[in-house]
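Using numbering that gives the first Met the number 0, you'd call the opening residue of the sequence shown number 0 and step up by one each time.
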Amino acid sequence: MTQPFTLVIFGVTSNLAQKYLLPALYDLEDKGLLPDGSHIIGIARSPQKEGWIQEHLHQILHKENLHHKHEIKDQIKELLFTRLHYLDGHLDNPDFYQKLKIKLDGLNSQNIIFYLATYPDLYQPIFENLKLSGLSNLADGFVRLMIEKPFGSNLKTAKQLNKTLHQYFKEEQIYRLDHYLGKEALRDILSFRFGSSSVESIINKDHIDHIQVSATENFGVGERGAFYDKVGALKDVGQNHLLQMLTAATMEKPITFTNEEVTKERVKILKKLLPQKENIIFGQYEDYTAEKNISPDSLTETFFALKTFINNDRYQNVPIYLRAGKKLAQTLTEVTIVFKDKKNQPLRYHVHSQRDNFLVQDPYEALILDAIRGDQTYFNDVQEVEAQWAFTDPLSAESEKGIPVIYQPGSWGPQEADELIEQDGRHWINF
Ligand SMILES: NC(=O)c1ccc[n+]([C@@H]2O[C@H](COP(=O)([O-])OP(=O)(O)OC[C@H]3O[C@@H](n4cnc5c(N)ncnc54)[C@H](OP(=O)(O)O)[C@@H]3O)[C@@H](O)[C@H]2O)c1
């Protein structure tokens, strides 16, 4: 059992905390994975009455949630209630951090995890004030920081954010989170590949015809319009989730399964990826501009398809096709390896784990647990996040130049995306 800790959620009323974090904490409680003496402090701006945070959690757990569809046990909920605390305050106000310090001291918190479930423009004042109030480092315990994607908006801003972070925290305290790395199905790719030498022996240019990575959704932007319209498909899921799937399927076996070695192998692949500006298609679904919080003349892409190569000996000249988009025919999250010898069935890794089954671990549950245990293997380090942006930057510059091709909702994206792969004598694998 790990040591007790206090999890501080900056932004406990956020969409993220409601949809993922608080339900994941319930599951950790249910599995007996929250050590005795552990606490959760939720922070938001509005002053609230005593007992409000418990009611907030109750509402969240009983609300319909696609990501958390199982029975809520009163006994577990009550146990979680006893750990929960609420503090109101403005995160850009230095005085608030004295209040936070008093609360943490009162709970005798020896180990602290700060979770940033709030706006990136608050990061700097948060880091600064944590440091000034002596909360960025503790003599006798750990302080860790969990940061959500998007991590910056291009290579330059990601580097700036890393630089800022390193003024206040050491790299071993920083947990940059991409929830795909918490997916059990993605972690299983590594066990499957490295657990079977016969599979591994055919994962190379002599046997592979090409690789496809798809993250398609059959729904639109929904309530995320204001955020999504500024970002687009390439930065929303391409720069992070698709690259995580690709690296899991193609990285070399690490010498040991330590954080450093696993991350090093992921980074090696990312650094060898060749962005090809001439081989990328951007699309936008019809009537996207009529959606809530979308600019009527928006040129943001809701779809992209691209071809790339890994410039190393193992995958030399093996084409890799990536695509992602919204309002498509089907929701599909998978990596497919197609072999030259057609007797070998394509190897299809489904990365979307269905959570109807309580036994399937939720990615946030896995990642919070990793952070509690101090395991950074499935988080992005400074090099990884910068290598992702170095690949994405030249491609997103293309998106900014052009007008996306309009495609029909319910289709598989623009015709041009089919042509991108069909001109090579191949086709997208959709079902
Ligand atoms: N939502 C998702 O599905 C999702 C997925 C992946 C990553 N993320 C990332 O997660 C983070 C949160 O996103 P979100 O969409 O969940 O945010 P959100 O719903 O807009 O919530 C923002 C939170 O920050 C709090 N807040 C804002 N300004 C504050 C201030 N000055 N002082 C104290 N608290 C303040 C808000 O509390 P009050 O307004 O109640 O005060 C609220 O709890 C972002 O970095 C986002 O990119 C979100």
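Glycine included, each C-beta is placed from N, C-alpha and C at the ideal position.
Here the structure is a predicted model, which means the values were calculated and not measured.
Inset, instruction - Give a yes or no on whether the C-beta atoms belonging to Tyr114 and Leu20 are separated by under 8 Å. - result: Within the sequence shown, residue 114 is the residue found at index 115, counting from 1. Within the sequence shown, residue 20 is the residue found at index 21, counting from 1. Yes.
Inset, instruction - Rounded to whole angstroms, what's the CA-CA distance from Lys400 to Asp228? Just pull it up for me. - result: If you number the sequence shown from 1, residue 400 lands on position 401. If you number the sequence shown from 1, residue 228 lands on position 229. Spanning the alpha carbons of Lys400 and Asp228 requires a straight line of approximately 16 Å.
Inset, instruction - For Asn429, I'd like the list of residues in its chain whose CB is within less than 8 Å of its CB, leaving aside the five on either flank, ordered along the chain. - result: By one-based count along the sequence shown, residue 429 stands at place 430. Answer for Asn429: Ala328, Gln329, Leu331, Trp411, listed in chain order.
Legend entry - 8 Å CB neighbourhood of Asp35 in its chain, flanking five on each side removed: Translated into the one-based positions of the sequence shown, residue 35 becomes position 36. Pro3, listed in sequence order.
Legend entry - Test item: CB-CB of Arg82 and Ser13 under 8 Å: Start at 1 with the first residue of the sequence shown, and residue 82 comes out as number 83. Start at 1 with the first residue of the sequence shown, and residue 13 comes out as number 14. Going by C-beta atoms, Arg82 is not nearer than 8 Å to Ser13.
Legend entry - Residue closest to Gln360, alpha-carbon to alpha-carbon, out of Glu183, Arg372, Lys342: Translated into the one-based positions of the sequence shown, residue 360 becomes position 361. Nearest C-alpha to Gln360: Glu183.
Inset, instruction - Mark Asp235 as exposed unless 16 or more other C-beta atoms lie within 10 angstroms of its C-beta, in which case mark it buried. - result: As a working mapping, residue 235 is identified with position 236 in the sequence shown. Only buried fits Asp235, as 16 or more other CB atoms lie within 10 angstroms of its CB.
Legend entry - Leu20 CB to nearest heavy atom of ligand 1 below 7 Å: For the purposes of this step, residue 20 is identified with residue 21 of the sequence shown, where counting begins at 1. No heavy atom of ligand 1 is found nearer than 7 Å to the CB of Leu20.
Inset, instruction - Report yes if the C-beta of Ala396 is less than 7 Å from at least one heavy atom of ligand 1; otherwise report no. - result: Counting from 1 along the sequence shown, the entry for residue 396 is found at position 397. Ligand 1 never approaches Ala396 closely enough for any of its heavy atoms to be under 7 Å from the residue's Cβ.
Legend entry - Entirely enclosed alpha helix (DSSP H) segments - the segment 48-75, minimum 4 residues: Taken in chain order, the whole alpha helix (DSSP H) runs of length 4 or more contained in the segment 48-75 are 51-61.
Inset, instruction - Check whether the Cβ of Val261 lies closer than 7 Å to any heavy atom of ligand 1, and answer yes or no. - result: In the sequence shown, residue 261 corresponds to position 262, counting from 1. Shortest gap from the CB of Val261 to any heavy atom of ligand 1: 7 Å or more.
Legend entry - Proximity to Leu242 [Cα-Cα], best of Tyr85, Phe338, Pro403, Trp388: As a first step, residue 242 is located in the sequence shown; it is residue number 243 there, counting from the start. Looking at the Cα atoms, Trp388 is the closest of the given residues.
Legend entry - Reduced DSSP category for Ala328 - H, G, I as helix; E, B as strand; rest coil: As a first step, residue 328 must be located in the sequence shown, where it is residue number 329. Annotated three-state conformation of Ala328 is coil, per DSSP.
Legend entry - Whole-angstrom distance between Arg192 and Met250, CA atom to CA atom: On the sequence shown, position 251 is the one that residue 250 refers to. On the sequence shown, position 193 is the one that residue 192 refers to. Taking the straight line joining both Cα atoms gives about 10 Å.
Inset, instruction - Verify whether the separation of the beta carbon atoms of Tyr320 and Thr301 is less than 8 Å. - result: Counting from one through the sequence shown, the residue named residue 320 turns up at place 321. Counting from one through the sequence shown, the residue named residue 301 turns up at place 302. Taking 8 Å as the Cβ cut-off, Tyr320 and Thr301 do not qualify as a contacting pair.
Legend entry - Asn107 classed as buried or exposed, judged by whether at least 16 other C-beta atoms fall within 10 angstroms: Position 108 of the sequence shown, counted from the first residue, corresponds to residue 107. When all chains shown are included, Asn107 counts as exposed.
Legend entry - Backbone CA spacing between Glu277 and Ile309 [nearest angstrom]: Within the sequence shown, the letter at position 278 stands for residue 277. Within the sequence shown, the letter at position 310 stands for residue 309. Between Glu277 and Ile309, the C-alpha separation is close to 16 Å.
Inset, instruction - Run the CB neighbour count on His240, radius 10 Å, all protein chains shown included, and call it buried at 16 or more, exposed below. - result: As a working mapping, residue 240 is identified with position 241 in the sequence shown. Counting Cβ neighbours within 10 Å, His240 comes out buried, since at least 16 surround it.
Inset, instruction - Please confirm if the segment 204-223 is in contact with the segment 162-169, defined as three or more CB-CB distances below 8 Å between the two stretches. - result: Under the 8 Å Cβ criterion, the segment 204-223 does not count as touching the segment 162-169, having fewer than three qualifying pairs.
Inset, instruction - Name the two residues that bound the continuous alpha helix (DSSP H) containing Thr163. - result: Within the sequence shown, numbered from 1, the residue matching residue 163 stands at position 164. 154-167 is the span of the alpha helix (DSSP H), which, as asked, contains Thr163.
Legend entry - Straight-line Cα distance separating Lys326 from Gly219: Here residue 219 refers to the residue found at position 220 when the sequence shown is read from its first residue. Here residue 326 refers to the residue found at position 327 when the sequence shown is read from its first residue. Note on geometry: alpha-carbon atoms of Gly219 and Lys326 lie some 5 Å from one another.
Inset, instruction - Using three-state DSSP, classify Asp392 as helix, strand or coil. - result: Translated into positions along the sequence shown, residue 392 becomes position 393. For Asp392, the secondary structure class from DSSP, reduced to helix, strand or coil, is helix.
Inset, instruction - Look up Gln283 in the DSSP assignment and give the residues it is bridged to. - result: Counting from 1 along the sequence shown, the entry for residue 283 is found at position 284. According to the DSSP secondary-structure assignment, Gln283 is paired through a beta bridge with Ile405.
Legend entry - Same chain, Cβ closer than 8 Å to Pro44, five either side skipped, listed in chain order: For this step, residue 44 is matched to residue 45 along the sequence shown. Contrary to the premise, residue 44 reads as Arg rather than Pro in this sequence. Correct list, in chain order: Asp87, Gly88, His89.
Legend entry - Ile101 vs Val142 beta-carbon contact at 8 Å: As a position in the sequence shown, residue 101 is number 102, starting the count at 1. As a position in the sequence shown, residue 142 is number 143, starting the count at 1. Result no, Cβ atoms of Ile101 and Val142 do not sit closer than 8 Å.
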